[in-house]
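Scroll down for the structure; my scribbles are underneath it.
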Amino acid sequence: MSVRQSIRRLCFASSVAVAALTPAASVHASSGWSYKEIADALHAIMESDRTVYTRLVVNRLQNEEKVIKASEHWKDEKALPLPAQMFRYGAEMVAEKNAGFTYSLLSLWPVNKQNAPKTPVEKEGLEAVAKNPGQPFYKEETLGGKKYFTAVYPDKAVAKACIACHNDHKDSPRRDFKMGDVMGGVVVRIPMK
Ligand code: HEC
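Residue numbering for the sequence shown is -29 to -1, 1 to 164, as defined by mature numbering (1 follows the signal peptide of the UniProt record, and there is no 0).
Here it is as structure tokens:
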């Protein structure tokens, strides 16, 4: 995808994201978009941002131009944060803003225990996308008396670096990831009226 295409896609998806920030009922009524379509659009932005950061920043500066590496201990090592860390920092900032929806990158085999599933629907969704990577998982869940639309999208080992780092990581509970395996999933949660 060209940069122009990604920007156009981002602008389009951002306008959808803005719609998602208004109270859930009007989102549905005024936008005419289903919760599934909103979740898919939000996920498209997240996935695109992560891919752009991985390709244009980490892969280019670390592997091609060998200027700076990416490291989990980026602060101490004056390195770039890992893509999964960037993703989590963004998600934490959105959560602080009470933006009307939340998201996270989770796994049944997390390197960072903070990224383990916390609700039965998250666990069910991660298991479903691990079994059937071609199909995102959608389900309504009730948390603290409120209803949410929860979507889970598979996160696959698309590069050797994914499996090499996770299989060797001292905190990884799983060491047999192969190329193409589902390593986890992106969870998008939207409050419902
Ligand atoms: C250099 C090591 C490294 C590489 C390369 C790497 N990861 Fe990770 N990954 C991590 C670390 C460390 C975390 C925990 C980040 C955090 O603090 O939330 C993580 C987190 C994740 C998570 C959330 C669950 C967990 O394990 O905590 C998923 C899913 C994930 N990575 C998938 C991938 C995929 C897919 C790729 C390749 C596109 C990849 N990773 C590349 C180190 C790596």
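Virtual Cβ for every residue (Gly too), placed ideally from N, Cα, C.
Here the structure is a predicted model, which is why all the values come from computation and not from measurement.
- When DSSP states are grouped into helix, strand and coil, residue 63 belongs to the helix group.
- In the DSSP assignment, residue 122 falls within the beta strand (DSSP E) that extends over 117 to 127.
- Taking C-alpha positions only, residue 56 is separated from residue 43 by approximately 8 Å.
- Taking the CA atoms as reference points, residue 10 sits about 9 Å from residue 109.
- Residue pairing from DSSP places residue 108 in a beta bridge opposite 123.
- With 16 or more other CB atoms across the displayed protein chains lying within 10 angstroms of its CB, residue 74 is buried.
- The three-state secondary structure of residue 41, taken from DSSP, is strand.
- Burial of residue 155 is indicated by the presence of at least 16 other C-beta atoms within 10 angstroms of its C-beta.
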